[in-house]
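A.B. asks: For reference, the structure I am asking about is given below.
2 protein chains.
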Amino acid sequence: MYQKFDLKEKLRFYVITDRRMSDEVKSVRLAIGGGATTIQLRIKDASTREIISVGMKIRKITRDFNVLFIVDDRVDVALAVEADGVHVGQDDMPLKMVKRIAPNLIVGVSASNLKEALKAEEEGADYIGAGSIYPTVTKKDAKILGLASLRTINDAVKIPVVAIGGVNHQNVVKVLKSGIDGIAAVSAIVGASNIRESASRMRTLIDNYFRETR
Amino acid sequence: MYQKFDLKEKLRFYVITDRRMSDEVKSVRLAIGGGATTIQLRIKDASTREIISVGMKIRKITRDFNVLFIVDDRVDVALAVEADGVHVGQDDMPLKMVKRIAPNLIVGVSASNLKEALKAEEEGADYIGAGSIYPTVTKKDAKILGLASLRTINDAVKIPVVAIGGVNHQNVVKVLKSGIDGIAAVSAIVGASNIRESASRMRTLIDNYFRETR
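Protein sequences, first through last, are from chains A and B. Its first residue numbered 1, the first sequence is counted upward by one per residue in our numbering. Its first residue numbered 215, the second sequence is counted upward by one per residue in our numbering.
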């Protein structure tokens, strides 16, 4: 997989599913229609068979549209549906284990501080999901990282950094100014009444920023 | 692994954890002390990291005592903690996917009827968990298989069959008379006030049955 694309490019606009806001398959289709470059499937509280069933549908759509497909937490599901990668938080499988049992997956790691980010890079993470940048309705207990720390993390690691947590159309340019490679969003996209339009506006903001600055 | 032991022998007395009844690590230690030959770790509603942490402790104990170690549902956890196998129900990962992503794991499959059992054998299952034999407090919505159907399944497949669901000290001999290779228990063992003593009595009943009949 790695040879086929530039990971940084793919991580520019990273959309995460949330069934409390919208059906996964439907929201993925609309988000990709609006310009999402990476999709993360995040489902808790469903049977493995159901997660796999949804994952297979998303694998098909993402492959058809050349979008990166990452599965949250579940390495077994990522392998079963042939996702491109898996994203692990600090409560998920330790990175070293992921690398051992799934050496061919792209692995993203959540970091809420510099120490976690440096450890993840050292252990072989392919990218960092840094956050929460702002308070977010999706994870009410999330630690707030803030933009200054986001910049510190981004300056400290060589692997791509995606900012997550409370990023929306209003603040996305400010977040991108910290020098990161992409932004991840849940509610700003899959919680929107018009998911495709919301994704399209976000993609335009991101593209305009990168066109003007890099 | 396969070459190192007789799977049928190992499946004779199969104890499944349940944190609603007793701490997993503690109950595993006591059940093995009482004679369990297989341990299945079954945890829902915990983070992957927590399941792995418990699983690593159980891997150590089961290895020390030469007991088979099976993880319920989670193929990723089974691979990460180097369990001997994984057990999948009809709501878990489809067997063919399990065999593809984890070709070296022993795979058990739940069957509540003959059709499911035959399909599992055909697709490469290593053993069948047939049940529920009786109504059980652990899975209130479980389909009841009954002893006649258990015998039908056991006669129809070549792979080992373990009976599960409501098996206790009172009915275990009756269940074994259907010709199966082992019994699995949750509440009769890990729900007992004295887990070690309960396991020891069960093991004696099983051993006596096999000594007298086979």
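Note that CB positions come from ideal geometry on N, CA and C, so glycine has one too.
Would you mind working out which of B:382, B:388, B:394 sits nearest residue 406 of chain B, comparing C-alpha positions?
C.D. replies: When only C-alpha atoms are compared, the closest one is B:382.
A.B. asks: Tell me which residues of the stretch 286-300 of chain B have at least one Cβ-Cβ distance to chain A shorter than 7 Å, keeping chain order.
C.D. replies: Listed in sequence order: 287, 288, 289, 290, 293, 294.
A.B. asks: So, for residue 244 of chain B: in the same chain, excluding its five sequence neighbours on each side, which residues have a beta-carbon less than 6 Å away from its beta-carbon?
C.D. replies: Cβ within range, chain order: 409, 410.
A.B. asks: Does residue 47 of chain A get closer than 8 Å to chain B when you measure Cβ to Cβ?
C.D. replies: Closer than 8 Å to some Cβ of chain B, the Cβ of residue 47 of chain A qualifies, so yes.
A.B. asks: With distances taken between CB atoms, is the gap from residue 351 of chain B to residue 225 of chain B smaller than 8 Å?
C.D. replies: Contact flag unset, no.
A.B. asks: Check each candidate in A:187, A:147, A:199 and name the one with the smallest Cα separation from residue 179 of chain A.
C.D. replies: Taking only the C-alpha atoms, the option nearest residue 179 of chain A is A:147.
A.B. asks: Less than 8 Å between the CB atoms is what I'm expecting for residue 292 of chain B and residue 319 of chain B, so what's the real figure, rounded?
C.D. replies: With 8 Å as the limit, residue 292 of chain B and residue 319 of chain B qualify as a contact, their Cβ atoms being about 6 Å apart.
A.B. asks: For chain A, is any of its Cβ atoms less than 8 Å away from the one on residue 355 of chain B?
C.D. replies: It does not: the Cβ of residue 355 of chain B has no partner Cβ on chain A nearer than 8 Å.
A.B. asks: Rounded C-beta distance between residue 128 of chain A and residue 107 of chain A? I'm assuming under 8 Å.
C.D. replies: So it is not a contact: roughly 11 Å between Cβ atoms.
A.B. asks: Quick one: measure Cβ to Cβ for residue 139 of chain A and residue 112 of chain A, integer angstroms, because I've assumed they're closer than 8 Å.
C.D. replies: Actually they are not in contact, since the Cβ atoms of residue 139 of chain A and residue 112 of chain A sit about 10 Å apart, beyond 8 Å.
A.B. asks: Mind listing the chain B neighbours of residue 101 of chain A? Cutoff is C-beta to C-beta under 8 Å, in chain order.
C.D. replies: Under the 8 Å cutoff, chain B gives 290, 293, 294.
A.B. asks: Among A:186, A:87, A:145, A:212, whose alpha-carbon lies nearest the alpha-carbon of residue 173 of chain A?
C.D. replies: It is A:212 whose Cα lies nearest to the Cα of residue 173 of chain A.
A.B. asks: Would you say residue 52 of chain A reaches chain B, if we count a Cβ-Cβ gap shorter than 8 Å as a contact?
C.D. replies: True, the Cβ-Cβ gap to chain B drops below 8 Å.
A.B. asks: Does DSSP put residue 161 of chain A in a helix, in a strand, or in coil?
C.D. replies: Strand, per DSSP.
A.B. asks: Hey, would you say the C-beta of residue 326 of chain B is under 7 Å away from at least one heavy atom of the ligand FAD?
C.D. replies: Judged by which ligands are present, the structure shown has none, so any question about the ligand FAD falls away.
A.B. asks: Taking all protein chains shown into account, do 16 or more other C-beta atoms lie within 10 angstroms of the C-beta of residue 219 of chain B, making it buried, or fewer, making it exposed?
C.D. replies: Exposed, because fewer than 16 other Cβ atoms sit within 10 Å of the Cβ of residue 219 of chain B.
A.B. asks: Alpha carbon to alpha carbon, what distance is there between residue 428 of chain B and residue 50 of chain A?
C.D. replies: Taking the straight line joining both Cα atoms gives about 42 Å.
A.B. asks: Using a Cβ-Cβ cutoff of 9 Å, what residues of the stretch 304-328 of chain B are near chain A? List them in chain order.
C.D. replies: So the list reads 304, 305, 306, 307, 308, 311, 312, 314, 315, 316, given in the order they occur along the chain.
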